[in-house]
Amino acid sequence: MKGLATFAASAGLLWACSEGLTLSRRTNASPKVVGFPVVRKSVPNPLKRDQLRRRSGTVKATLDNEETLYFANATLGTPAQTVRLHIDTGSSDLWVNTATSALCTAKGKVCTAAGTYSANDSSTYSYIASDFNITYVDGSGASGDYVTDNFTLGSTTLKTLQFGIGYTSSSPEGILGIGYQLNEVQVQRAGKSAYLNLPAQLVSDGLISSNAYSLWLNDLDASTGSILFGGVDTDQFQGTLATLPVQSESGGQYGEFLLTLTGLSFGDTVIAKDQAQAVLLDSGSSLTYLPDAMAEAIYDQVSAQYDSQEGAAYIPCSMASNSTTVGFTFSSPTIQVSMDELVIEISSSSGRPLTFSNGERACLFGIAPAGSSTPVLGDTFIRSAYLVYDLANNEISIAQTNFNATSNNVVEITTGTAAVPSATAVQNPVTATAGATNEAMAGTVTLGAGGTATATSKAKSGAMSTMPQMKLTALAVTLGMLYAAM
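Mapped onto mature numbering (1 follows the signal peptide of the UniProt record, and there is no 0), the consecutive letters of the sequence shown carry residue numbers -20 to -1, 1 to 466.
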């Protein structure tokens, strides 16, 4: 996970929509939009953070932006208990730590900064069940109770919002999952019906008209960004929004924000074209994880050195000033990501900067190989895109972001089937045929009549670490090549 942005919460932009969505400005009333600032928080090792957070299987708020993680400040209970929550579009549950957990009582008091929740100290707490249990790829996660209590974000308060308490946890940060309800832990693990998570509850309470929200993380150097539930800020993006369908999963269900990546470029150099690669949009992931062949090709272009032990690449920090951009194409819209958004300063555990053996300062590169996992577009991509997540209609609208916007023009997303203002549906969007196994990476893709892509030649698959033919292995950065500068 990357940086945290701060989402400033303003009343009125959250609303529900069961059919389609229409964005319109109200003339006689404030728009039903809930917004809050998002704050960015620095993380010493964003790669390790991602490894801990990637799950197995699969109001205006200000977002704090601290290098690699995006957070919102909220309160739970009566009287209010303050918690800092990591904004995560890749999961769907809100959960927080309790102060009495082994993690939070251990030496170092690692939970102090993010805050904790005590059910016994809240007069409005209500117990539901002891089946909250979320697990990530490496076995880390949290488990405990599902409960309800009052939840306040910015100036908006929801009563009896359901969330999890981590009595056992391996992460000091609470998580605010705002994805599809189908992806909730009690649905996936306990086989129960979905509950109203934050976006759905905002709709149910009439605070927004549609289960939709927009995300603006701002650039890597900015301290804050914003999220708008039920609205769009047209001053925070350039040009027009392009609307793409979310790719459904087995049985035609929607559980994650999967788009189809059709092309990748570095400046005028085409890295991949005519692709049909499913990629997951995940604000909870600091880095972007691409199919191995794509990652290798990008590394060749930027002279990145891959460390197979870490599963990441390092790059001279001076590359941040390179004016060439990496282009991500989704059928027709292309989002350009500048190098200064992909070059991430890191340091050793002692706080000293890292250097290559020649003394040049080393930075983490914001693109890593996905291996056998589903490719992920994390914060190193999302910062350059303005995204509208329409859960009601299973669509994502996307545009090039407008960094450091100084004005606002908030428009409400209402119910209906009309297009989003300043948005156009992409014609004949490609449907993904390659997913976690990175199929069709080296193949030719033929577009069918409906825009469906089909691989017609050889595939290139497998994890980076099992591909000795790749040029990256010759560039592998051993631990001895990177060291803390004295």
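We put the beta carbon where it would ideally sit given N, CA and C, even for glycine.
Task: P246 and Q281 closer than 8 Å at C-beta - done: Position 266 of the sequence shown, counted from the first residue, corresponds to residue 246. Position 301 of the sequence shown, counted from the first residue, corresponds to residue 281. Just to set this straight, residue 246 is Phe in the shown sequence, not Pro. In this structure, Q281 lies closer than 8 Å to F246 by Cβ.
- [ ] Let me know the secondary structure DSSP gives T386 once reduced to three states.
- [x] Residue 386 sits at position 406 when you count from the first residue of the sequence shown. Three-state DSSP puts T386 in coil, outside helix and strand.
- [ ] Please report the residue range of the beta strand (DSSP E) in which F361 lies.
- [x] As a first step, residue 361 must be located in the sequence shown, where it is residue number 381. Element bounds for F361: not the beta strand (DSSP E) but the alpha helix (DSSP H), D359 to I362.
Open item on the list: Please identify the residue among M299, I362 and Q289 whose C-alpha is closest to the C-alpha of S265.
Closed with: Taking the first residue of the sequence shown as position 1, residue 265 is located at position 285. Per the Cα distances, I362.
Open item on the list: Once DSSP output is grouped into helix, strand and coil, what is the label at G232?
Closed with: In the sequence shown, the residue the question calls residue 232 occupies position 252. Note: G232 maps to helix in three-state DSSP.
Task: Where the beta strand (DSSP E) through I315 begins and ends - done: Taking the first residue of the sequence shown as 1, we reach residue 315 at position 335. Start and end: T314 to S318.
Open item on the list: Quick check on E164: does DSSP put it in helix, strand or coil?
Closed with: Counted from its first residue, the sequence shown places residue 164 at position 184. Coil at E164, not helix or strand.
TODO: Could you say which of L74, T140 and T148 lies nearest to T85 if we only look at CA atoms?
DONE: Here residue 85 is taken as the residue at index 105 of the sequence shown, counted from 1. Looking only at L74, T140 and T148, the smallest Cα-Cα distance to T85 is reached by T148.
Open item on the list: Rounded to whole angstroms, what is the Cα-Cα separation between V368 and N382?
Closed with: For the purposes of this step, residue 368 is taken as the residue at position 388 of the sequence shown. For the purposes of this step, residue 382 is taken as the residue at position 402 of the sequence shown. Computed Cα separation, rounded: 14 Å.
Open item on the list: Within the continuous alpha helix (DSSP H) that includes L197, where are the two ends?
Closed with: Along the sequence shown, one-based indexing puts residue 197 at 217. Per DSSP, L197 lies in no alpha helix (DSSP H) and is assigned neither H nor E.
- [ ] On a CA-only basis, which of G351, S298 and S98 is nearest L344? Give me that one, please.
- [x] Taking the sequence shown and counting its residues from 1, one reaches residue 344 at position 364. When each option's Cα is compared against that of L344, the closest is S298.
Open item on the list: If I measure Cβ to Cβ from Q380 and keep anything under 8 Å in the same chain, skipping five residues before and after, which residues do I get?
Closed with: Position 400 of the sequence shown, counting from 1, holds the residue named residue 380. Only F217, Q218, G219, I315, Q316, S364, A365 and Y366 meet the Cβ criterion.
Task: Rounded straight-line distance, which links the Cα of R64 to that of L162 - done: In the sequence shown, residue 162 corresponds to position 182, counting from 1. In the sequence shown, residue 64 corresponds to position 84, counting from 1. For L162 and R64, the distance between alpha carbons rounds to 25 Å.
Task: Q61, buried or exposed, once every other Cβ within 10 Å from all chains shown has been counted against 16 - done: If you number the sequence shown from 1, residue 61 lands on position 81. Buried, because 16 or more other Cβ atoms sit within 10 Å of the Cβ of Q61.
Open item on the list: If I measure Cβ to Cβ from G146 and keep anything under 6 Å in the same chain, skipping five residues before and after, which residues do I get?
Closed with: Residue 146 sits at position 166 when you count from the first residue of the sequence shown. Here the set comprises W75, N77, A122 and G124.
TODO: Would you kindly report the start and end of the unbroken beta strand (DSSP E) that includes T80?
DONE: Translated into the one-based positions of the sequence shown, residue 80 becomes position 100. Where T80 is concerned, there is no enclosing beta strand (DSSP E), given that its DSSP letter is neither H nor E.
Task: Inter-residue CB distance, L241 and F143 (contact presumed, cutoff 8 Å) - done: In the sequence shown, the residue the question calls residue 241 occupies position 261. In the sequence shown, the residue the question calls residue 143 occupies position 163. With a Cβ gap of about 33 Å, L241 and F143 do not count as contacting.
- [ ] For S318, collect the residues of the same chain with a Cβ closer than 6 Å to its Cβ; drop the 5 residues on either side in sequence, then sort them by chain order.
- [x] Looking up residue 318 in the sequence shown gives position 338. Same-chain partners within the cutoff: T305.
Task: Reduced DSSP secondary structure (H/G/I, E/B, other) of N100 - done: Locating residue 100 in the sequence shown gives position 120, counting from the first residue. Reduced to three states, the DSSP call for N100 is helix.
TODO: Indicate whether the contact test is met: 3 or more Cβ pairs, each with one atom in the stretch 90 to 99 and one in the stretch 150 to 162, closer than 8 Å.
DONE: With contact defined as three or more Cβ pairs closer than 8 Å, the stretch 90 to 99 and the stretch 150 to 162 are in contact.
TODO: For F217, write down the residues that DSSP places opposite it in a beta bridge.
DONE: Numbered from its first residue, the sequence shown carries residue 217 at position 237. Within the DSSP bridge table, the entry for F217 names T381 as partners.
- [ ] Return the bridge partner residues of E375 from the DSSP annotation.
- [x] Here residue 375 refers to the residue found at position 395 when the sequence shown is read from its first residue. Partner(s): P225 and D370.
Open item on the list: By DSSP's criteria, A192 is part of a beta bridge. Which residues make up the other side?
Closed with: Counted from its first residue, the sequence shown places residue 192 at position 212. For A192, which the question treats as bridged, DSSP gives the partners D370.
Task: Cβ contact (3+ pairs, closer than 8 Å) linking the stretch 328 to 347 and the stretch 283 to 300 - done: Contact holds between the stretch 328 to 347 and the stretch 283 to 300, because three or more Cβ pairs, one in each stretch, are under 8 Å apart.
Open item on the list: Please return the same chain residues whose Cβ sits closer than 7 Å to the Cβ of A54, not counting the five positions on each side in sequence.
Closed with: Translated into the one-based positions of the sequence shown, residue 54 becomes position 74. So the qualifying residues of the chain are V63, L65, F131, T132 and L133.
Task: Sheet register partners of F237 (DSSP bridge) - done: Looking up residue 237 in the sequence shown gives position 257. None, per the DSSP bridge assignment.
Open item on the list: Excluding the 5 residues flanking A82 on each side, which residues of the same chain have their C-beta closer than 8 Å to its C-beta?
Closed with: Within the sequence shown, residue 82 is the residue found at index 102, counting from 1. Counting only Cβ-Cβ distances below 8 Å, and skipping sequence neighbours, we find T148.
Open item on the list: Using CA atoms only, rank isn't needed, just tell me which of V14, Y279, A52 and A348 is closest to N191.
Closed with: Within the sequence shown, residue 191 is the residue found at index 211, counting from 1. For N191, the nearest C-alpha among the options comes from V14.
Open item on the list: For K253, count the other beta carbons within 10 Å of its own beta carbon; 16 or more makes it buried, fewer makes it exposed. Which is it?
Closed with: Taking the first residue of the sequence shown as 1, we reach residue 253 at position 273. Classification for K253: exposed.
- [ ] Over the uninterrupted alpha helix (DSSP H) stretch that includes L178, give me the two end residues.
- [x] Taking the first residue of the sequence shown as position 1, residue 178 is located at position 198. Where L178 is concerned, the enclosing alpha helix (DSSP H) stretches over L178 to S184.
- [ ] Return yes when the Cβ of G171 is within less than 8 Å of the Cβ of D73, no when it is not.
- [x] Against the sequence shown, residue 73 aligns to sequence position 93. Against the sequence shown, residue 171 aligns to sequence position 191. Their beta carbons are not under 8 Å apart, which means D73 does not touch G171 by this criterion.
Task: Coil, strand or helix - V406 by DSSP - done: In the sequence shown, residue 406 corresponds to position 426, counting from 1. Of the three classes helix, strand and coil, the one that applies to V406 here is coil, per DSSP.
Open item on the list: Among V259, M274, E229 and L260, whose alpha-carbon lies nearest the alpha-carbon of T249?
Closed with: Position 269 of the sequence shown, counted from the first residue, corresponds to residue 249. Nearest option by C-alpha distance: M274.
Open item on the list: Looking at the secondary structure, which residues open and close the beta strand (DSSP E) in which I145 lies?
Closed with: One-based indexing of the sequence shown puts residue 145 at position 165. Per DSSP, I145 belongs to the beta strand (DSSP E) from T136 to S149.
TODO: Report the rounded CA-to-CA distance for P225 versus S311, giving the unit in angstroms.
DONE: For this step, residue 225 is matched to residue 245 along the sequence shown. For this step, residue 311 is matched to residue 331 along the sequence shown. In a straight line, the C-alpha of P225 is about 11 Å away from that of S311.
- [ ] Mind checking who S206 pairs with in its DSSP beta bridge?
- [x] Against the sequence shown, residue 206 aligns to sequence position 226. BP columns for S206 point to W196.
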